[in-house]
Structure formats: structure tokens, C-alpha cells
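Numbering (our numbering), first residue to last: 133 to 307.
Ideal placement from N, C-alpha and C gives every residue a C-beta, glycine not left out.
As the structure is a prediction and not an experimental result, all values here were calculated from the model.
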């Protein structure tokens, strides 16, 4: 069972997100044009971006879909933190593709995070990472300002990783 208010709110404008949660919005340019958009969208929908970003991303699903459960693993060995989530929405449109997951009990946070590939009118392709969250445990609350800094770092990292995936796909097409 999802454990926060405002389920699927990351699909809405931020002013409609639940109050009392930290908000995150990071936008990273990853390419330009239809082919870059297709490569980026596919990498997000098939989990490649997350897996190449260095987190453990466990799911039986090959592709993002509503109600798919994933467990994100951060850290190494016995220090690995397991964060269970469930996808709350997906979108696949000509200019916008992605998904959001919400936290499940056992996750160190409560809230939602979305990863959406957007193609602007000028052809620019961007990854938008949107989130609202609050600590779910005393340990994450004790992390204080480190937690938002980590979330912002990870959002930027996924943008860099997706940019490399798109570049590799472009080079493969041109070869």
C-alpha cells in the first residue's frame, strides 16, 4: 500500500502537490530531435537509465507500467539500502514519455519521484526529474540536509547517464 498523500501528483503541476513535502525539479538536456527522443524514452521505459546510473533496480517487469513494483538498492553489500516502490503512472506521448513511482512501506522516504523525457518545440530533448518527499524514518530525518543534496545529485546523475545513452545510440545509428 502506498504510504503518502497525493498519489500520482507528480503528473500534475507542482502547485497541486501535497503540502509539507520537500520538492525537487531537475531538468537535464540529453539530446535533440526525434531519434534522440526515441532513444531516451526507451532507455527510461526499460529501466536502462537507472541501471546504468549505478543503482540496483530490481523488478520482474521488462518495461514501465502502472502498478509495477520495483526495489531500488543504494549502497554496497551489507550497507545496501532497499527502497520498495510502485509505479503510479506512466505516459507515452509523441513529446513526453516516462513514469513515476511512489514509496511503499519500508522505503526510507515517503513520496513520489518521476522521470520524464520531454521533447520541446525546438526539438531539444530533456530529462525531467520531479519529486516530492519527506523522511519516513528517524534515520533519514537525521540525515537532515544531506538527503535533499543526495536526491539532487542523483537526479543530475540520471541526466548525465541518459545523455550518454542517447549519444551512444546516435553514434550506433551513424556507424
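Check                                                                                                                                                                                 : Outcome
With three or more C-beta pairs closer than 8 Å as the rule, is the region 281 to 288 touching the region 168 to 176?                                                                 : no
Across the region 248 to 259 and the region 215 to 231, are there enough close Cβ pairs to call them in contact, namely three or more that are closer than 8 Å?                       : yes
If you scan the region 266 to 295 from start to end, which runs of the alpha helix (DSSP H) of 4 or more residues do you find wholly inside it?                                       : 270 to 274
Label residue 278 either buried or exposed according to how many other C-beta atoms from any shown protein chain fall within 10 Å of its C-beta, with 16 as the threshold for buried. : exposed
Quick check on this structure: which residue in 247, 302 and 306 has the alpha carbon closest to the alpha carbon of residue 181?                                                     : 247
Compare the C-alpha of residue 103 against each of 234, 157, 240 and 294 and name the closest.                                                                                        : The structure shown does not extend to residue 103, since the chain is modelled only from 133 through 307, so no value can be given for it.
How should residue 168 be labelled, buried or exposed, when 16 other C-beta atoms within 10 angstroms of its C-beta is the threshold for buried?                                      : buried
With 16 other CB atoms within 10 Å as the buried threshold, where does residue 307 fall?                                                                                              : exposed
For residue 238, is the classification buried or exposed, using 16 other Cβ atoms within 10 angstroms of its Cβ as the cut-off for buried?                                            : exposed
Buried or exposed, going by whether 16 or more other CB atoms sit within 10 Å of the CB of residue 144?                                                                               : exposed
Can you find a heavy atom of the ligand ADP that lies under 8 Å from the Cβ of residue 205?                                                                                           : Absence of the ligand ADP from the depicted structure is noted, as is the absence of any ligand whatsoever, leaving it without description.
Quick check: what's the CA-CA separation for residue 295 versus residue 138?                                                                                                          : 31 Å
Just mark residue 244 as buried or exposed, buried being the case when its beta carbon has 16 or more other beta carbons within 10 Å.                                                 : buried
What number of angstroms, rounded off, separates the C-alpha of residue 266 from the C-alpha of residue 305?                                                                          : 42 Å
Look up residue 221 in the DSSP assignment and give the residues it is bridged to.                                                                                                    : 232
Tell me where the alpha helix (DSSP H) around residue 167 begins and ends.                                                                                                            : 166 to 177
Answer with buried or exposed for residue 242, where buried requires no fewer than 16 other C-beta atoms within 10 angstroms of its C-beta.                                           : buried
Looking only at its own chain, which residues have a Cβ that is under 7 Å from the Cβ of residue 301, when we skip the five neighbours before and after it?                           : 171
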